[in-house]
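Those protein sequences? They're chains A and B, same order as listed.
Under our numbering, think of the first position of the first sequence as 37, with each following residue one higher.
Under our numbering, think of the first position of the second sequence as 11, with each following residue one higher.
Below is one structure; the comments refer to it alone.
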Amino acid sequence: MNFSEVFKQTNQLCKVSPDGKYLATCVQYRLVVRDVSTLQILQLYTCLDQVSHMEWSSDSLFILCAMYNRGLVQVWSLEQPDWHCKIDEGSIGLVSSRWSPDGRHILNTTEFHLRVTVWSLCTKAVSYIKYPKACQKGVDFSRDGRYMALAERRDCKDYVCVFVCDDWHLLRHFETETQDLAGLEWSPNGCVLAVWDSCLEYKVLLYSLDGRLLSTYSAYEWSLGVKSVSWSPSSQFLAIGSYDEKVRILNHITWKKITQLEHPAVIDNTKATVYKEVEKRPGVGSDEMSLHSITMGTTLFNTQSKYEICPLPVQIPVVKPDPDRANPKIGISVLAFSSDSRYLATKNDNMATAVWVWDMQKMSLEAVLEQTSAVRCFQWDPQRPRLALCTGNTKLYLWSPGGCVSVQVPTEGGFQVQSLNWHCSGNSLILLGKDQLCLCYMDTDQEDK
Amino acid sequence: MGEWWTTETSMENYEISSISHGTMSPSRRNNLVSMFSFPLAKSSYSMISAFCTEDNIPQCVSYVNQELASLGLSSTCIEAIQPGGASLNTVPALNAMYELLQIHRRNMCNLEELEREQLRKSSTLEHVQMSNSRLKDQLELSIREKSGLHETERQLQLKIKTLQSCLKTEKDEVQKLQSVIASRASQYSHDAKRKEREAAKLKERLSQLLVDRKDKKLAIDVLNCLGRSDGKRRHWKTTKASSSHEGDMYKSLLSDYEASQRSLMLENAELKKVLQQMKKEMMHILSPRQPSARGATADDSQEQADLDGEEKAGDTSRESLDQYCEHAREQLTNSIRQQWRKLRNHVEKLDSQASQAQNQLESNKEVIPLEAHEDEMERMRCEVQQCKEFIHAQQQLLQQQLNTSFDDETAALLNDCYTLEEKERLKEEWRLFEEQKRNFERERKNFTEAAIRLGREKKAFEEDRASWLKNQFLNMTPFSHRRRCSSSDAQSALSIRSEPEIRMSSVKAQPAKSSAYTTFSTPKPSQSAAVPSTAELYRTLRLRPDSSSSRHSNRGRWQESSSIDDGETRLKSKHRLSIFSLGEDENSLT
Numbered sequence: 037m038n039f040s041e042v043f044k045q046t047n048q049l050c051k052v053s054p055d056g057k058y059l060a061t062c063v064q065y066r067l068v069v070r071d072v073s074t075l076q077i078l079q080l081y082t083c084l085d086q087v088s089h090m091e092w093s094s095d096s097l098f099i100l101c102a103m104y105n106r107g108l109v110q111v112w113s114l115e116q117p118d119w120h121c122k123i124d125e126g127s128i129g130l131v132s133s134r135w136s137p138d139g140r141h142i143l144n145t146t147e148f149h150l151r152v153t154v155w156s157l158c159t160k161a162v163s164y165i166k167y168p169k170a171c172q173k174g175v176d177f178s179r180d181g182r183y184m185a186l187a188e189r190r191d192c193k194d195y196v197c198v199f200v201c202d203d204w205h206l207l208r209h210f211e212t213e214t215q216d217l218a219g220l221e222w223s224p225n226g227c228v229l230a231v232w233d234s235c236l237e238y239k240v241l242l243y244s245l246d247g248r249l250l251s252t253y254s255a256y257e258w259s260l261g262v263k264s265v266s267w268s269p270s271s272q273f274l275a276i277g278s279y280d281e282k283v284r285i286l287n288h289i290t291w292k293k294i295t296q297l298e299h300p301a302v303i304d305n306t307k308a309t310v311y312k313e314v315e316k317r318p319g320v321g322s323d324e325m326s327l328h329s330i331t332m333g334t335t336l337f338n339t340q341s342k343y344e345i346c347p348l349p350v351q352i353p354v355v356k357p358d359p360d361r362a363n364p365k366i367g368i369s370v371l372a373f374s375s376d377s378r379y380l381a382t383k384n385d386n387m388a389t390a391v392w393v394w395d396m397q398k399m400s401l402e403a404v405l406e407q408t409s410a411v412r413c414f415q416w417d418p419q420r421p422r423l424a425l426c427t428g429n430t431k432l433y434l435w436s437p438g439g440c441v442s443v444q445v446p447t448e449g450g451f452q453v454q455s456l457n458w459h460c461s462g463n464s465l466i467l468l469g470k471d472q473l474c475l476c477y478m479d480t481d482q483e484d485k
Numbered sequence: 011m012g013e014w015w016t017t018e019t020s021m022e023n024y025e026i027s028s029i030s031h032g033t034m035s036p037s038r039r040n041n042l043v044s045m046f047s048f049p050l051a052k053s054s055y056s057m058i059s060a061f062c063t064e065d066n067i068p069q070c071v072s073y074v075n076q077e078l079a080s081l082g083l084s085s086t087c088i089e090a091i092q093p094g095g096a097s098l099n100t101v102p103a104l105n106a107m108y109e110l111l112q113i114h115r116r117n118m119c120n121l122e123e124l125e126r127e128q129l130r131k132s133s134t135l136e137h138v139q140m141s142n143s144r145l146k147d148q149l150e151l152s153i154r155e156k157s158g159l160h161e162t163e164r165q166l167q168l169k170i171k172t173l174q175s176c177l178k179t180e181k182d183e184v185q186k187l188q189s190v191i192a193s194r195a196s197q198y199s200h201d202a203k204r205k206e207r208e209a210a211k212l213k214e215r216l217s218q219l220l221v222d223r224k225d226k227k228l229a230i231d232v233l234n235c236l237g238r239s240d241g242k243r244r245h246w247k248t249t250k251a252s253s254s255h256e257g258d259m260y261k262s263l264l265s266d267y268e269a270s271q272r273s274l275m276l277e278n279a280e281l282k283k284v285l286q287q288m289k290k291e292m293m294h295i296l297s298p299r300q301p302s303a304r305g306a307t308a309d310d311s312q313e314q315a316d317l318d319g320e321e322k323a324g325d326t327s328r329e330s331l332d333q334y335c336e337h338a339r340e341q342l343t344n345s346i347r348q349q350w351r352k353l354r355n356h357v358e359k360l361d362s363q364a365s366q367a368q369n370q371l372e373s374n375k376e377v378i379p380l381e382a383h384e385d386e387m388e389r390m391r392c393e394v395q396q397c398k399e400f401i402h403a404q405q406q407l408l409q410q411q412l413n414t415s416f417d418d419e420t421a422a423l424l425n426d427c428y429t430l431e432e433k434e435r436l437k438e439e440w441r442l443f444e445e446q447k448r449n450f451e452r453e454r455k456n457f458t459e460a461a462i463r464l465g466r467e468k469k470a471f472e473e474d475r476a477s478w479l480k481n482q483f484l485n486m487t488p489f490s491h492r493r494r495c496s497s498s499d500a501q502s503a504l505s506i507r508s509e510p511e512i513r514m515s516s517v518k519a520q521p522a523k524s525s526a527y528t529t530f531s532t533p534k535p536s537q538s539a540a541v542p543s544t545a546e547l548y549r550t551l552r553l554r555p556d557s558s559s560s561r562h563s564n565r566g567r568w569q570e571s572s573s574i575d576d577g578e579t580r581l582k583s584k585h586r587l588s589i590f591s592l593g594e595d596e597n598s599l600t
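Shown next, in the form of C-alpha cells:
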C-alpha cells in the first residue's frame with residue numbers, strides 16, 4: 037500500500053472524474069484538475085469566490101463549481117480551458133446545485149425551496165419546477181439517467197413528479213400516501229421508486245415507474261421510524277434502517293420483510309467475527325531517543341493500532357441518547373451495500389464506534405469492527421467486497437472477508453482522515469483531511485494473487 | 011425410678027416381717043391396710059396388749075373361727091386339742107394360717123396392681139391435663155393469629171381499595187391525557203397546515219415579486235452553447251414526444267417485467283427439475299419395497315392402482331414441463347403429495363420399528379444381566395488386578411533399572427526417596443498402631459473396673475444372700491428378735507447404695523424378689539438363680555454400649571473399616587472370655 041504526497045484542499049471538495057482519469061480539487065477559489073495517475077496539474081481554473089460545491093458532469097468534460105453564498109455557479113470545460121459559463125441565480129439565492137445526468141443541464145434549487153431552476157447549457161434556456169419539497173432527499177435520478185423523481189409539496193400534500201431528463205417532460209405526477217414525505221430513491225434498475233415518510237411515522241411506499249403503488253410497508257407505529265433507506269445494487273433488496281436500531285430487508289418480489297438485522301449491544305452470535313481495534317504506543321528504547329526520532333516527532337507520538345479478534349460475547353459501547361433532544365443519536369443512520377450486493381455495512385448511531393457487516397446470502401452478521409473512536413465515514417470498494425473506513429484519526433481501516441487491517445497514513449503533520457472516496461477502479465482511495473488530501477494506492481498485484 | 015424401687019424394697023422387707031408377725035399375733039392382720047406405715051406399726055406393736063392370753067384361748071379360738079367363717083374359710087376350723095386346754099390342734103390352725111396368708115398375698119398383689127394402675131391413671135391424667143392446657147394455649151395463640159390475620163386482611167383490603175381508586179384516577183388521567191394529546195395533535199396539524207399554506211403563499215408571492223422585478227442578475231452567461239451529449243438536436247415538446255416518452259417508459263417497465271419473469275421462470279424450472287428428480291427418487295425408493303412391505307391383497311391392488319396412476323402422472327408431468335398446462339401441474343403436485351405422504355408413512359413406520367427394536371434391545375438388556383454382569387465384573391476385577399500387578403512389576407523393574415543404571419548419587423537419592431516414603435508409611439502405621447493400643451488400654455481399664463465392681467457387688471450379694479438365708483432359717487425357727495434385727499441389717503445393706511448402683515441392682519432385684527417367693531413355696535438352693543446371666547452382666551457392666559461407641563469413634567478415625575471390624579469382633583470375643591474367667595475367679599474367690 038502506497039501513499040501519495042499531501043495536497044491542499046478546502047471544504048473537502050475533491051472528486052475524481054466519472055471516467056477515473058482526473059482528479060479535481062478546490063483550494064479556496066481555485067479549481068485544480070490533476071491526472072490521477074501522475075498527479076500532475078492539468079488545468080487550473082479561478083472561480084469568483086470560494087467554492088462551496090463542486091461536481092463533475094457525467095461525461096467527465098465539465099466541472100460545476102457552486103458558490104452558494106454568492107448565488108453563483110461556474111462551469112469549466114476540461115477540453116476547452118477558455119470556455120466558461122456562469123449562472124447567476126440573483127437575489128433569490130441558491131442552496132443546491134447539481135448536474136442533470138446528461139451533463140448539459142444544471143439544476144439549481146433556490147433558497148426556501150421556492151423552485152428548481154433548470155438551466156440548459158445547450159440552449160441557454162431556463163425552466164422552473166415549482167413546489168419542490170425541502171426534505172432529506174427530495175430529488176433522485178434513475179441510474180440510467182433517464183428519469184428524475186422529485187418530491188413536491190402542494191396544499192399540504194405530498195406528490196412525486198417523474199420527469200424525463202431528456203426534455204424535462206413531466207411523465208407522471210401522483211400523490212403519495214405519506215404524512216410528511218422525507219425521501220425517495222430509485223431502484224438501481226430504475227423501475228421502482230421507494231418513498232419513505234418522515235421519522236414520525238414508519239412508512240415505506242414502493243411505486244412503479246408509472247405511478248402505481250406496488251406496496252406499502254410499515255414495521256411499527258408510534259415510535260420514531262425510518263432513518264435511512266438503501267437499495268442493493270442488484271435491486272433485489274431494499275434495506276431500511278430505523279430508529280429502533282434494526283435494519284429490515286424487503287425482497288423485490290412480494291415487498292415483504294425477509295429478515296430483520298438487529299444491532300444488540302452484546303454480540304454473542306458465534307458466526308460473527310468481532311474485530312476490536314487495540315491501540316498501543318510504540319515502545320521507545322532509551323537509545324532510540326536520538327535526534328532522528330525527535331525529528332520524526334509527529335509519527336513518534338502517534339499510537340499504533342491493530343485489530344484483535346475478540347472472544348464472544350462482546351459488549352459494544354453504547355451511548356444513551358438524550359430523550360429530550362430532537363433527532364436522537366440512535367438508530368441506523370448509514371446503510372451501504374457492497375458492489376456485488378453480497379455484504380451490507382451498517383452503522384448504529386448510539387454505537388458510533390462500531391461498523392456492522394452483514395452477509396446478505398446467509399442473512400447473518402458477518403463481522404463487527406469496533407473502533408477506538410467514532411466512525412466518520414465508510415465506503416465500499418466499487419469493484420471488490422472491500423470496505424474502507426475512517427474515524428478521524430491518522431489511520432485508514434480496511435475490511436474484507438479475509439480480515440481486517442489498520443494502516444497508518446505515513447504523512448507528516450498529523451494527517452487526520454475525515455472522509456474517504458474510492459476511485460472507480462477500486463485501485464486507489466482518496467483520503468480527505470481537514471484541508472489536505474492524500475491518495476492511497478492499493479497493491480493490486482497482491483490482491484490479484 | 012429410684013424412689014419407686016426403694017419402696018419396692020421396703021415392701022419386700024415389710025412382707026417378710028409381716029409374715030413373721032402373722033404367725034405370732036393374728037390380731038395384727040387388721041392393721042395390714044396400714045402397711046406402708048411400717049415403722050409406725052412396728053413401733054406400736056409392743057404397746058398394744060396381747061390379743062390372746064392363757065385365759066381366753068377358747069374365746070380367741072371361737073373368735074378366730076368366726077372371723078375365718080366370715081372370710082369364707084369355714085372348712086378349716088381351729089379347735090383346741092382339749093376343750094379349754096391351752097394348746098391348739100396344729101393342722102387346722104396351720105391350714106387356716108396358710109389360707110390367710112394366701113389371701114393376704116393375693117390382696118397385696120391386687121393392691122399393688124391397683125396402685126400401679128392408679129399411678130398410671132394419675133400420670134395419664136396429668137398428661138391429659140398438660141396437653142389440655144397446651145391445646146388451650148395453642149387455641150389462644152391461633153385465635154390471636156387469626157385476629158392478626160384478620161387485621162392484615164382488612165388493611166390489605168383497604169390498600170386494595172385505595173389502589174383501585176388510584177388506578178381509576180390514573181385511568182381517568184390517562185384518558186384525559188390521551189384526549190389532550192389527540193386535541194393537541196389535531197390542533198398542531200391544523201396549525202402546521204395553516205403555516206404551510208402561509209409559507210406556500212409567501213413563496214408564491216416571493217417568486218412573483220422576483221419575476222416582477224425582472225431580476226437582472228438572474229442570467230446565464232455561456233461562451234458558446236454546447237451540443238447535446240448524445241449529439242442530437244433538441245426536440246420540440248409535442249404530444250408525439252410525450253407519447254413516445256410514455257412508450258419508452260412502458261417499454262422499460264415491460265423489459266423489466268420480462269427480465270423478472272425470465273428469472274422467475276428460470277427459477278421455477280430449476281425447482282421443477284428438483285421436484286421431478288425428487289419424485290423419481292421417491293418412486294425408486296418406494297416401488298420395490300411395497301409388495302414386500304404390504305401383506306394384505308386388497309391393499310396391494312389399491313397400491314397397484316395408485317402406482318399406475320402415479321406413473322401416468324409422472325409421465326404427464328414430464329411433458330408438462332414443456333406444455334405448462336394447469337391440469338398437468340395439478341397432477342404433478344398431487345402425485346408428489348401422494349408420494350410424499352407415502353414416504354412419510356414409511357419413514358414413520360421405520361421410526362416406530364426402530365423404536366420397537368430399540369425397546370426390545372433395551373428389554374433384552376434388562377433381562378440379560380446378573381450372571382453376565384457378575385461375570386463381567388469378575389473379569390474386570392481380574393483385569394484390574396492384573397494391571398495392578400503389571401504396574402507393580404514395572405515399578406520394580408524401573409527401580410531396579412534405576413538402581414543399576416544410574417550413578418551412585420542418583421541411586422542414593424532415589425533410595426532416599428524410597429526410604430523416606432517407606433518411613434512415612436511406617437510412621438503412619440505406627441500411629442495407627444499406637445491408637446489401637448490406646449484403645450485397647452482403655453478397654454482393659456474399663457474391664458478391670460467392671461470386674462472390680464462386679465466383685466464388690468458379688469460380695470454384697472453373697473452377704474445379702476447369706477443374711478437372707480440366715481433370715482429364712484431364722485424364720486423357720488421361732489427366734490423373732492434376732493431375725494428382725496438381721497432383716498433390718500439386710501435392708502440397710504440394700505439401701506445404702508448410691509443411685510446408679512441401685513438402678514443397676516434393680517435388674518438384679520427382680521430375680522431376687524422372685525426367688526424370695528419361690529423359695530417360700532419351693533425351697534431350693536438359690537445359687538443358680540442368684541448368678542446373673544452373661545447378657546445381664548453385659549448390661550450391668552455397660553460393655554455393649556461402650557464397645558459400640560468405641561467402634562463408632564474408631565470408624566471415624568480409621569478408614570480401613572473392614573479389617574478393624576474384624577479386629578473388633580475378635581476383641582469382643584476375647585472380652586467375653588475374660589469376663590467369664592473373671593466371674594469364675596470371683597466365684598472361686600468367694
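Cβ atoms here follow ideal geometry from the backbone N, Cα and C, with glycine treated the same way.
Everything numeric in this text was worked out from a predicted model, so none of it was measured.
Rounded to whole angstroms, the gap between the alpha carbons of B:Q405 and B:E445 is 32 Å. One Cα belongs to A:W119, the other to B:A251, and the distance between them is close to 32 Å.
In the displayed model, A:V445 falls within coil according to three-state DSSP, outside both helix and strand. Judged by DSSP in its simplified three-state form, B:L220 adopts helix.
The continuous beta strand (DSSP E) containing A:Q472 extends over residues Q472 to Y477. A residue is called buried once 16 or more other Cβ atoms fall within 10 Å of its Cβ, and B:F443, having fewer, is exposed. With three or more CB-CB distances shorter than 8 Å, the segment 181-188 of chain A counts as touching the segment 152-172 of chain A. Taking the Cα positions, A:K44 is about 29 Å away from A:A388. Between A:D376 and the set A:I352, A:S436, A:Q351 and A:Q340, the nearest pair of CA atoms involves A:S436.
Think of a sphere of 8 Å around the beta carbon of A:I345: no beta carbon from chain B falls inside it, the nearest being about 38 Å out. A:L245 is positioned such that its CB atom lies no closer than 9 Å to that of A:S251. When the alpha-carbon of A:V350 is set against those of A:D385, A:V370 and A:K312, the nearest one is in A:K312. Within chain B, K247, A251, S252 and H255 have C-beta atoms less than 8 Å from the C-beta of A:H205, given in sequence order. In the pairwise beta carbon analysis, the segment 347-362 of chain A is classified as not touching the segment 432-449 of chain A: fewer than three pairs are separated by under 8 Å.
Contact between the segment 93-101 of chain A and the segment 205-213 of chain B is absent, with fewer than three C-beta pairs closer than 8 Å.
Within the same chain, F39, S40, V42, V445, T447, F451 and L467 come within 7 Å of A:C474 by CB-CB distance, once the 5 residues on both sides are set aside. Around the Cβ of A:Y279, a 10 Å sphere holds 16 or more other Cβ atoms; the residue is buried. Contact annotation: in the segment 155-179 of chain B, no residue has its CB less than 8 Å from a CB in chain A. A residue is called buried once 16 or more other Cβ atoms fall within 10 Å of its Cβ, and B:F400, having fewer, is exposed. The C-alpha of A:T74 lies about 24 Å from the C-alpha of A:K431. Closest in alpha carbon position to A:K470, among A:L456, A:Y477, A:A60 and A:W416, is A:L456. Contact check for A:I128 against B:L220 passes: the beta carbons are separated by less than 9 Å.
Per DSSP, reduced to three states, the secondary structure at A:H299 is coil, with no helix or strand assignment. Taking 7 Å as the cut-off between beta carbons, the residues of the segment 139-151 of chain A near chain B are G139, R140, F148, L150 and R151, in sequence order. Scanning chain A for C-beta atoms nearer than 7 Å to the C-beta of B:D266 yields N225 and C227, reported in chain order. A:K398 counts as exposed, since fewer than 16 other beta carbons sit within 10 angstroms of its beta carbon.
Under the 9 Å criterion on CB atoms, A:K122 is classed as interfacial with respect to chain B.
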